[in-house]
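The sequence shown lines up with residues 617 to 955 when you count with the numbering used here. Inspection log for the structure reproduced underneath, given as structure tokens.
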Amino acid sequence: MRSGLTLGIETSCDETAAAVVQDGTKILSNVVLSQIDIHRKYGGVVPEIASRKHIEAMFPVIHEALEEARVSLADIEVIAVTYGPGLVGSLLVGIAAAKSLAYALGKPLVGVNHIEGHIYANFLEREDLTPPFVCLTVSGGHTDLLLIPELGSYEILGRTRDDAAGEAFDKIARVLGLPYPGGPQIEQVARGGNREAYEFPRGLSEEGNFDFSFSGLKTAALNRLNQAQQKGEEINLADFAASFQWAIVDVLTTKLLAAARKHAVRKIVLSGGVAANSAFRTHVQECATQAGLEVWYPPACLCTDNAAMIASAGYFRHRAGRSSGWELNALPNLRLGDD
Ligand code: KG4
Ligand code: ZN
617 MRSGLTLGIE
627 TSCDETAAAV
637 VQDGTKILSN
647 VVLSQIDIHR
657 KYGGVVPEIA
667 SRKHIEAMFP
677 VIHEALEEAR
687 VSLADIEVIA
697 VTYGPGLVGS
707 LLVGIAAAKS
717 LAYALGKPLV
727 GVNHIEGHIY
737 ANFLEREDLT
747 PPFVCLTVSG
757 GHTDLLLIPE
767 LGSYEILGRT
777 RDDAAGEAFD
787 KIARVLGLPY
797 PGGPQIEQVA
807 RGGNREAYEF
817 PRGLSEEGNF
827 DFSFSGLKTA
837 ALNRLNQAQQ
847 KGEEINLADF
857 AASFQWAIVD
867 VLTTKLLAAA
877 RKHAVRKIVL
887 SGGVAANSAF
897 RTHVQECATQ
907 AGLEVWYPPA
917 CLCTDNAAMI
927 ASAGYFRHRA
937 GRSSGWELNA
947 LPNLRLGDD
């Protein structure tokens with residue numbers, strides 16, 4: 617029997633996921649069942665359908681995670697589950713499953729903030745990352761720039777005032793006729809495109825401002841497409857996608873490095889679905905190397921939603937004595953530092 621095993625459960629959006637992680641860092645299994653094919657025909661996630669699909673998939677996915685890890689439920693020491701932010705109906709499915717298992721087995725239950733989970737993806741399969749660091753969490757619902765002086769402590773330096781970066785990718789991809797989720801599609805189309813071909817604005821670019829805004833960029837992109845349509849001008853899709861992607865990558869990277877400079881921190885960390893973008897990773901790496909900073913980002917498959925990151929965050933939370941009670945409930949608008 618192995619010790620230090622955490623079962624992680626994640627159902628905040630459209631992925632039903634379960635994972636077994638040892639000592640918060642070693643992945644024994646990481647099962648992610650995506651509902652993307654079901655939601656794609658609606659152009660985005662339909663909450664009601666997502667909850668129903670989670671109910672169907674939850675226990676088979678947990679079973680698969682245990683089997684793949686070659687452990688039984690009795691070997692599990694901690695049960696960690698995402699309790700926010702996310703879709704309330706989806707979150708409730710994971711929480712109900714986690715509570716019933718924890719109660720039946722007499723194991724501790726740990727509620728995990730999904731955003732905190734994304735950050736902890738950086739601790740999986742590596743142990744060399746230690747605070748202090750600045751971290752940018754960029755996903756479909758969040759764009760948060762954080763200073764992390766010590767584990768479990770978060771100082772919010774800035775966040776988006778409107779759309780999240782991933783949301784901007786998804787919305788413009790949809791207008792371009794690309795399937796959901798749009799980020800990976802835009803990345804693919806942008807390969808070989810000229811990122812200077814179309815000029816797009818950078819929101820809130822004054823020095824010292826660590827908030828983000830992507831609504832101006834989104835409007836500019838839509839206007840440019842409409843203008844081309846009215847004039848019968850052909851848009852070069854690769855150039856357009858590359859320029860749009862570059863506008864996001866440029867502003868994210870500039871603010872991330874400025875935050876590291878301002879707070880005299882030598883380490884920068886990326887997390888969340890948009891951190892899977894290779895143009896973003898490459899640009900951050902290049903700028904950081906020039907500035908003499910160290911960079912961490914998880915492998916692409918651990919940037920997007922998964923339960924291994926939830927197990928990791930849950931394990932460290934439990935070790936810090938921060939387990940949850942049976943009153944644990946879904947908090948769709950949970951923010952980092954709220955709990
Ligand atoms: O973290 P995540 O899986 O779910 C949320 O917590 O939201 O992030 C999903 C978001 C979507 O908006 C998706 O388009 C974006 O991350 N994304 C990407 C890439 N892969 C996923 N954006 C840009 N480039 C990518 N390669
Ligand atoms: Zn996420």
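Just so it is clear, CB atoms sit at the ideal spot from N, CA and C, and this is done for glycine as well. Note that the coordinates shown come from a computational prediction; the quantities given were computed from them, not determined experimentally.
What residues come near the ligand ZN, if near means a beta carbon less than 5 Å from any of its heavy atoms? Those residues are S755 and D921, given in chain order.
May I ask you to check if the CB of C903 is nearer than 8 Å to at least one heavy atom of the ligand KG4? Checking the Cβ of C903 against the ligand KG4 gives no.
Check this for me: beta carbons of N1013 and A789, under 9 Å apart or not? No answer is possible for residue 1013: it lies beyond the span of the chain, which begins at 617 and ends at 955.
What is the DSSP secondary structure of G773, reduced to helix, strand or coil? Looking at the sequence itself, residue 773 is Leu, so the reference to Gly does not match. In the structure shown, L773 sits in a strand (DSSP, three-state: E or B).
Which of the three DSSP states, helix, strand or coil, is assigned to E815? Three-state result, E815: coil.
Between the alpha carbons of A924 and Y699, how many angstroms are there, rounded? Their backbone Cα atoms lie some 15 Å apart in a straight line.
In chain order, what residues of the same chain have a beta carbon less than 6 Å from the beta carbon of A784, not counting five sequence neighbours either side? Correct list, in chain order: F830 and K834.
If you draw a straight line from the C-alpha of G809 to the C-alpha of F896, how long is it? One C-alpha to the other measures close to 15 Å.
Determine the direct distance from the alpha carbon of I652 to that of V662, and round the result to whole angstroms. Computed Cα separation, rounded: 10 Å.
Would you check if there are 3 or more beta carbon pairs closer than 8 Å linking the segment 836 to 849 to the segment 877 to 889? Per the Cβ contact rule, the segment 836 to 849 is not in contact with the segment 877 to 889 (fewer than 3 Cβ pairs under 8 Å).
Does the segment 628 to 642 touch the segment 764 to 780, meaning 3 or more C-beta pairs lie closer than 8 Å? By the Cβ rule, the segment 764 to 780 does not count as touching the segment 628 to 642, because fewer than three pairs are nearer than 8 Å.
Is it right to say P676 is buried, meaning 16 or more other beta carbons lie within 10 angstroms of its own, or is it exposed? By the neighbour-count criterion, in which a residue is buried when 16 or more other Cβ atoms sit within 10 angstroms of its Cβ, P676 is exposed.
How far does the alpha helix (DSSP H) with D653 in it reach, from first residue to last? According to the DSSP assignment, D653 belongs to the alpha helix (DSSP H) that extends over I652 to R656.
Which same chain residues, not among the five before or five after T622, have their C-beta less than 6 Å away from its C-beta? Correct list, in chain order: V637, V694, A696, A927, G930 and Y931.
Have a look at A946 and E849 and give me their C-alpha separation to the nearest angstrom. Taking the straight line joining both Cα atoms gives about 49 Å.
E803 CB to nearest heavy atom of the ligand KG4 below 8 Å: Short note on E803: C-beta closer than 8 Å to some heavy atom of the ligand KG4.
Taking 8 Å as the cut-off, is the CB of E631 close to at least one heavy atom of the ligand KG4? Distance from the C-beta of E631 to the nearest heavy atom of the ligand KG4 is below 8 Å.
Beta-carbon proximity list for G620, same chain, < 7 Å, skipping 5 on both sides: The residues are Q638, D639 and E693.
If V750 and A875 are in contact, beta carbons under 8 Å, what's the gap, nearest whole angstrom? Rounded to the nearest angstrom, the Cβ distance from V750 to A875 is 5 Å, consistent with a contact under 8 Å.
Do you know how far the Cα of I731 is from the Cα of L873? Distance between the alpha carbons of L873 and I731: 21 Å.
Check whether the Cβ of E849 sits closer than 8 Å to any heavy atom of the ligand ADP, and report yes or no. This structure lacks the ligand ADP; its bound ligands are the ligand KG4 and the ligand ZN.
Hey, would you say the C-beta of S628 is under 8 Å away from at least one heavy atom of the ligand KG4? Flag set: Cβ of S628 near the ligand KG4.
CB of N893 to nearest heavy atom of the ligand KG4: below 8 Å? Yes, the Cβ of N893 comes within 8 Å of a heavy atom of the ligand KG4.
Whether T627 touches S706 by CB criterion (9 Å): Taking 9 Å as the Cβ cut-off, T627 and S706 qualify as a contacting pair.
Measure the Cβ-Cβ separation of A892 and P800 and say whether it is below 9 Å. Contact: yes.
So which of T746, A713 and L773 has the shortest CA-CA distance to W942? Per the C-alpha coordinates, the member of T746, A713 and L773 positioned closest to W942 is A713.
Identify the continuous beta strand (DSSP E) that holds A673 and give its terminal residues. In this chain, A673 is not harboured by any beta strand (DSSP E); it is covered by the alpha helix (DSSP H) spanning P663 to A685.
In the DSSP output, which residue or residues are listed as bridge partners for S940? S940 is bridged by DSSP to L725.
Work out the CA separation of V726 and D955 for me, nearest whole Å. C-alpha separation (whole angstroms): 12 Å.
Which class does Y699 belong to by DSSP, given the choice of helix, strand or coil? In the structure shown, Y699 sits in a strand (DSSP, three-state: E or B).
Would you kindly work out how many angstroms separate the C-alpha atoms of A837 and F860, rounded to a whole number? Whole-angstrom Cα-Cα distance: 8 Å.
For D760: DSSP bridge partner residues: As a beta-bridge residue in DSSP terms, D760 pairs with T753 and R775.
Endpoints, the beta strand (DSSP E) within which I731 is located: Residue range H730 to Y736 is occupied by the alpha helix (DSSP H) that includes I731, with no beta strand (DSSP E) assigned at that position.
Give the secondary structure of N945 by DSSP, where H, G and I count as helix, E and B as strand, and everything else as coil. Here N945 sits in coil by DSSP.
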